[in-house]
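Participant:
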Amino acid sequence: MFVKFLDIVIGSLLMGGIYALIAVGFSLQYGVARVLNVAHGEFLMLGAFAAWSLFTLGGINPILSLVLCAPVFFLIGFLIHITLFKRLKRSSESLAVFEGNSMLASFGLMFIVQNLALIIWGAPVKGYSYLAYPISFLGAVFSANRMVTLVTSIIISVVFYLFLARTRTGKAIRAAAQDPVAAAHMGVSINKMLALCFGFGTMMAGLAGLLVSMTSIMVTPFMGMEYTLIAMIVVVLGGLGNIKGSFIGGFILGLVGTIVSYIQPGLSMVAFYLIFLLLLLVKPAGILAK
Amino acid sequence: MKDKTKKYSLFAGFIVILLLLISLPSYASSYRVIFVTNILMYVILTLSWVIFSGPTGYISLATAAFFGIGVYTSAVLSGTLSLPFVIIIGALASFCLAFVVGSLTLRLRGMYFTMFTFALVQLISNFAHWYEVNVTGTVGRLVLALDSTIIYYSILVVFCLVLLASHFIKRSKFGLALQSIGESEEAAAHSGINVTLVKVTTFAISAFFMGAVGAVMTMRWSYVDPPTAFDIRLSFMPLLMAIFGGMGNLFSPIIGSSIFAYLEEILTTKFPYYYMLLFGGAMLLVIVFMPHGIEGVFRKLQKNNKGQLSEKP
Numbered sequence: 066m067f068v069k070f071l072d073i074v075i076g077s078l079l080m081g082g083i084y085a086l087i088a089v090g091f092s093l094q095y096g097v098a099r100v101l102n103v104a105h106g107e108f109l110m111l112g113a114f115a116a117w118s119l120f121t122l123g124g125i126n127p128i129l130s131l132v133l134c135a136p137v138f139f140l141i142g143f144l145i146h147i148t149l150f151k152r153l154k155r156s157s158e159s160l161a162v163f164e165g166n167s168m169l170a171s172f173g174l175m176f177i178v179q180n181l182a183l184i185i186w187g188a189p190v191k192g193y194s195y196l197a198y199p200i201s202f203l204g205a206v207f208s209a210n211r212m213v214t215l216v217t218s219i220i221i222s223v224v225f226y227l228f229l230a231r232t233r234t235g236k237a238i239r240a241a242a243q244d245p246v247a248a249a250h251m252g253v254s255i256n257k258m259l260a261l262c263f264g265f266g267t268m269m270a271g272l273a274g275l276l277v278s279m280t281s282i283m284v285t286p287f288m289g290m291e292y293t294l295i296a297m298i299v300v301v302l303g304g305l306g307n308i309k310g311s312f313i314g315g316f317i318l319g320l321v322g323t324i325v326s327y328i329q330p331g332l333s334m335v336a337f338y339l340i341f342l343l344l345l346l347v348k349p350a351g352i353l354a355k
Numbered sequence: 004m005k006d007k008t009k010k011y012s013l014f015a016g017f018i019v020i021l022l023l024l025i026s027l028p029s030y031a032s033s034y035r036v037i038f039v040t041n042i043l044m045y046v047i048l049t050l051s052w053v054i055f056s057g058p059t060g061y062i063s064l065a066t067a068a069f070f071g072i073g074v075y076t077s078a079v080l081s082g083t084l085s086l087p088f089v090i091i092i093g094a095l096a097s098f099c100l101a102f103v104v105g106s107l108t109l110r111l112r113g114m115y116f117t118m119f120t121f122a123l124v125q126l127i128s129n130f131a132h133w134y135e136v137n138v139t140g141t142v143g144r145l146v147l148a149l150d151s152t153i154i155y156y157s158i159l160v161v162f163c164l165v166l167l168a169s170h171f172i173k174r175s176k177f178g179l180a181l182q183s184i185g186e187s188e189e190a191a192a193h194s195g196i197n198v199t200l201v202k203v204t205t206f207a208i209s210a211f212f213m214g215a216v217g218a219v220m221t222m223r224w225s226y227v228d229p230p231t232a233f234d235i236r237l238s239f240m241p242l243l244m245a246i247f248g249g250m251g252n253l254f255s256p257i258i259g260s261s262i263f264a265y266l267e268e269i270l271t272t273k274f275p276y277y278y279m280l281l282f283g284g285a286m287l288l289v290i291v292f293m294p295h296g297i298e299g300v301f302r303k304l305q306k307n308n309k310g311q312l313s314e315k316p
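Chain order of the listed sequences is R and D. Start counting the first sequence at 66; every next residue gets the next number (the working numbering). Start counting the second sequence at 4; every next residue gets the next number (the working numbering).
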């Protein structure tokens with residue numbers, strides 16, 4: 066009984082770490098840059114493929130790949146915002162129009178990224194094994210790589226949180242999220258902040274992908290959508306644009322997912338949606354809202 | 004006077020197109036008939052999407068859910084009832100689902116509603132998959148395929164119905180109520196409109212037609228499983244096509260969806276490996292360079308022409 070309980074707690078922590086990371090990125094993109102990025106999961110997929118390619122072809126340790134890939138993903142996101150979403154923002158006459166248009170644009174982006182991955186890596190599933198030996202903790206058993214993913218995702222989230230809370234740029238980003246007009250009057254370059262946020266969001270999706278691929282999961286060009294949905298649910302759970310809420314929400318969803326898969330495997334996704342629907346109806350502002 | 008002649012010529016043009024469509028199977032190859040069936044499917048989905056989302060501004064991504072409900076109802080019933088009944092039951096099933104979902108969620112504003120409808124598609128699709136694996140022990144079902152001409156005429160009938168429905172909703176008091184809800188929900192409520200009832204009913208009506216198309220299209224596929232029935236692309240396509248065409252009148256969404264559906268058909272057959280890449284690129288171009296669709300481009304051209312005319316001495 067105790068071991069089972071411990072299994073669930075540890076399992077949910079391990080899953081929650083990844084969910085939290087995806088959700089923090091999604092939250093940055095929607096909460097600050099106002100882009101409901103339907104293609105978020107696709108960058109996770111790209112990250113997973115990047116790790117696979119670097120590991121199997123280059124023999125590079127996935128943890129080293131994290132460091133190598135982070136700037137690349139950041140740059141991709143930054144450039145996408147500058148070339149695409151900035152332009153859309155200028156041509157849309159209201160925020161509602163921009164939200165609709167940018168969601169559609171990100172859907173187009175999803176098509177493009179998925180197809181590119183299909184052309185480069187092909188449809189058959191890929192996977193590799195890294196640090197796959199079991200660790201036993203008070204009777205509960207899990208593989209070592211999942212511990213790595215948990216620790217890494219917590220480190221990334223905490224560092225990012227400190228960056229937002231303590232640094233000048235972080236403060237400017239928060240100001241841009243709260244009140245873009247006032248922030249602009251105070252000399253914050255709004256477009257730059259939004260592009261930074263989009264870049265950080267993409268970077269987190271990519272890093273989450275690298276971490277996910279370590280846990281011997283199937284890597285395919287079509288794996289992204291599931292994670293986009295999870296990110297969306299977590300972000301609503303924690304409140305739109307609330308970074309801390311997304312972080313906590315990730316772990317809550319991890320817990321729910323683990324419990325449900327113990328009872329009825331295959332229904333965890335359905336349980337997520339039901340939580341999502343209930344939450345939207347009862348408390349759309351998120352669990353942390355006053 | 005001028006408006007009236009314009010109206011009559013539009014009507015006459017529409018009748019000509021309708022006659023051409025009705026006689027299509029007599030002069031075109033069966034490949035062409037299937038091609039036009041596909042285009043009409045997108046046109047109907049777009050028109051029914053515009054019935055609700057056009058005037059109110061609520062962006063719904065539930066199209067694939069209602070379409071899929073139609074598909075599954077029809078797949079379950081196929082072979083037991085005659086075609087018109089299957090279509091009507093499929094449409095009614097979507098209508099009922101939309102009514103329930105609408106009354107739960109149409110209190111949500113803006114992006115929350117969009118996310119909810121987005122998740123709805125996945126919820127139903129996942130549940131259908133789980134149900135098939137664990138309860139019925141199958142994945143997907145076989146459907147009795149029908150002759151492509153019968154499918155074509157069924158789609159054509161649904162097309163005419165959705166056109167009539169959009170026309171009458173637009174011209175009725177109901178349409179005015181919708182329009183005012185889109186402009187300001189509070190003001191609409193204060194002027195005595197039962198806002199919730201109007202929204203939910205319209206949402207359900209638009210789902211009715213989506214379900215009907217789904218019920219018909221099942222007969223073309225011969226095999227149905229949750230990922231094909233609840234394809235998320237079908238949720239985004241009507242939205243894209245409506246934006247591309249414009250939503251100001253009935254013709255713009257028809258033109259927009261026809262062009263895009265045509266483009267999709269060509270791309271899938273000519274470039275099966277790069278289809279998604281090209282299509283995604285086309286989507287981006289449309290959204291970036293034509294945010295107001297073809298309608299917007301025409302308006303701009305008209306304005307420019309007028310400007311040049313007035314500059315002349």
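We put the beta carbon where it would ideally sit given N, CA and C, even for glycine. Because the structure is a prediction, the values reported are computed rather than measured.
I want to verify the contact list: residues of chain D whose CB lies under 8 Å from the CB of Val-335/R, in sequence order.
Facilitator: Within chain D, the residues near Val-335/R are Leu-126, Asn-129, Phe-130, Trp-133.
Participant: Using a cut-off of 8 Å between C-beta atoms, extract the partners of Ser-208/R located in chain D.
Facilitator: Those within 8 Å of Ser-208/R in chain D number zero; the least Cβ separation is about 27 Å.
Participant: Quick one: list the residues of chain D neighbouring Ala-170/R, beta-carbon separation under 9 Å, in chain order.
Facilitator: In chain order: Met-286, Leu-287, Ile-290, Val-291.
Participant: Which residues in chain R sit within 8 Å of Asn-307/D, going by Cβ to Cβ distance?
Facilitator: Under the 8 Å cutoff, chain R gives no residues; its nearest Cβ is about 18 Å from Asn-307/D.
Participant: Does the beta carbon of Ala-116/R sit closer than 8 Å to a beta carbon anywhere in chain D?
Facilitator: It does not: the Cβ of Ala-116/R has no partner Cβ on chain D nearer than 8 Å.
Participant: Using DSSP's beta-bridge definition, name the partner residues of Pro-199/R.
Facilitator: According to DSSP, which records beta bridges pairwise, Pro-199/R is partnered with Ser-208/R.
Participant: Look at Ser-278/R and Leu-86/R and say whether their C-beta atoms are less than 8 Å apart.
Facilitator: No, these two residues do not count as a Cβ contact at 8 Å.
Participant: Does DSSP put Ser-81/D in a helix, a strand or coil?
Facilitator: Reduced to three states, the DSSP call for Ser-81/D is strand.
Participant: How about the region 242–261 of chain R and the region 143–159 of chain R: do they share at least three Cβ pairs that are nearer than 8 Å?
Facilitator: Contact holds: three or more Cβ-Cβ distances are below 8 Å.
Participant: Which word fits His-146/R, buried or exposed, when buried means at least 16 other C-beta atoms lie within 10 angstroms of its C-beta?
Facilitator: The residue in question, His-146/R, is buried, as its Cβ has 16 or more Cβ neighbours within 10 Å.
Participant: Where do the N-terminal and C-terminal ends of the alpha helix (DSSP H) with Phe-91/R fall, by residue?
Facilitator: Taken as a continuous stretch (DSSP letters only), the alpha helix (DSSP H) holding Phe-91/R covers 67–96.
Participant: Short of 7 Å in beta carbon distance, which residues of its chain neighbour Thr-323/R, apart from the five on each side in sequence? Order them along the chain.
Facilitator: Hits under 7 Å: Ile-73, Gly-76, Ser-77, Met-80.
Participant: What do you reckon, are the CB atoms on Thr-66/D and Trp-52/D nearer than 8 Å?
Facilitator: Going by C-beta atoms, Thr-66/D is nearer than 8 Å to Trp-52/D.
Participant: What number of angstroms, rounded off, separates the C-alpha of Ser-359/R from the C-alpha of Ser-255/D?
Facilitator: Because chain R here runs from 66 to 355, residue 359/R falls outside it and cannot be looked at.
Participant: Spell out a yes or no on whether the region 164–184 of chain R and the region 91–100 of chain R are touching, meaning 3 or more CB-CB pairs, one atom from each, closer than 8 Å.
Facilitator: Yes: the two stretches touch, three or more of their Cβ pairs being nearer than 8 Å.
Participant: Answer yes or no: do Ala-115/R and Ser-130/R have a C-beta to C-beta separation smaller than 8 Å?
Facilitator: A contact, by the Cβ cut-off of 8 Å.
Participant: If the criterion is Cβ atoms closer than 8 Å, does the pair Val-146/D and Val-227/D meet it?
Facilitator: Contact: yes.
Participant: Tell me which same chain residues have a C-beta within less than 6 Å of the C-beta of Ile-328/R, skipping the five on either side of it?
Facilitator: Same-chain partners within the cutoff: there are none.
Participant: Leaving aside the five residues before and after Thr-152/D along the sequence, list all residues of the same chain whose C-beta is less than 8 Å from its C-beta, in chain order.
Facilitator: If we look at Thr-152/D and ignore the five residues flanking it on each side, its Cβ neighbours are Pro-28, Ser-33, Val-36.
Participant: Which ranges does the alpha helix (DSSP H) cover as unbroken runs of at least 4 residues, wholly within the region 319–353 of chain R, from first to last along the chain?
Facilitator: Correct list: 333–347.
Participant: When the Cα of Gly-93/D is compared with those of Phe-70/D, Leu-111/D, Val-103/D, which residue comes out closest?
Facilitator: Looking at the Cα atoms, Phe-70/D is the closest of the given residues.
Participant: State the DSSP-derived secondary structure class of Leu-312/D, mapped to helix, strand or coil.
Facilitator: For Leu-312/D, the pLDDT reaches just 48, beneath the cut-off of 50, and the residue's location in the model is therefore unreliable, leaving the point undetermined.
Participant: When you check each C-beta in the region 133–159 of chain D against every C-beta of chain R, which residues fall closer than 9 Å?
Facilitator: From the region 133–159 of chain D, only Trp-133, Val-136, Asn-137 have a Cβ closer than 9 Å to chain R.
Participant: Grab the span of the alpha helix (DSSP H) containing Arg-155/R for me, first residue to last.
Facilitator: Looking at the DSSP string, the run of the alpha helix (DSSP H) that includes Arg-155/R is 151–156.
Participant: Could you check whether the Cβ of Ala-122/D sits closer than 8 Å to any Cβ belonging to chain R?
Facilitator: Cβ-Cβ to chain R under 8 Å: yes for Ala-122/D.
Participant: Just checking: is the beta-carbon of Leu-93/R within a distance shorter than 8 Å of some beta-carbon in chain D?
Facilitator: Answer no: the Cβ-Cβ gap between Leu-93/R and chain D never drops below 8 Å.
Participant: Do the CB positions of Ile-313/R and Phe-341/R come within less than 8 Å of each other?
Facilitator: Contact: no.
Participant: Check for me: the alpha helix (DSSP H) holding His-105/R runs from which residue to which?
Facilitator: Unbroken alpha helix (DSSP H) run through His-105/R: 105–123.
Participant: By the criterion of Cβ-Cβ separation under 7 Å, what are the contact partners of Glu-29/R in chain D?
Facilitator: With chain R covering 66 to 355 only, the question about residue 29/R has no answer from this structure.
Participant: Per DSSP, Val-227/D is paired with what?
Facilitator: Answer is Arg-144/D.
Participant: Is Val-100/R helix, strand or coil when you go by DSSP?
Facilitator: Note: Val-100/R maps to coil in three-state DSSP.
Participant: Using a Cβ cut-off of 8 Å (strictly closer), state whether Gln-243/R contacts chain D.
Facilitator: For Gln-243/R, the answer is no, since every Cβ of chain D falls outside 8 Å of its Cβ.
Participant: Buried or exposed: Thr-139/D, going by 16 or more other Cβ atoms within 10 Å of its Cβ?
Facilitator: Label assigned to Thr-139/D: exposed.
Participant: Please decide whether Val-301/R counts as near chain D, where near means a Cβ-Cβ distance under 8 Å.
Facilitator: Chain D contact via Cβ: present.
Participant: Of the residues that make up the region 268–287 of chain D, which ones have a beta carbon closer than 9 Å to any beta carbon in chain R?
Facilitator: Listed by position, the residues of the region 268–287 of chain D near chain R (Cβ gap below 9 Å) are Tyr-276, Tyr-277, Tyr-278, Met-279, Leu-280, Leu-281, Phe-282, Gly-283, Gly-284, Ala-285, Met-286, Leu-287.
Participant: I'd like the list of long-range same chain contacts for Tyr-198/R, defined as Cβ closer than 6 Å, with 5 residues on each side in sequence excluded.
Facilitator: Cβ within range, chain order: Ala-209.
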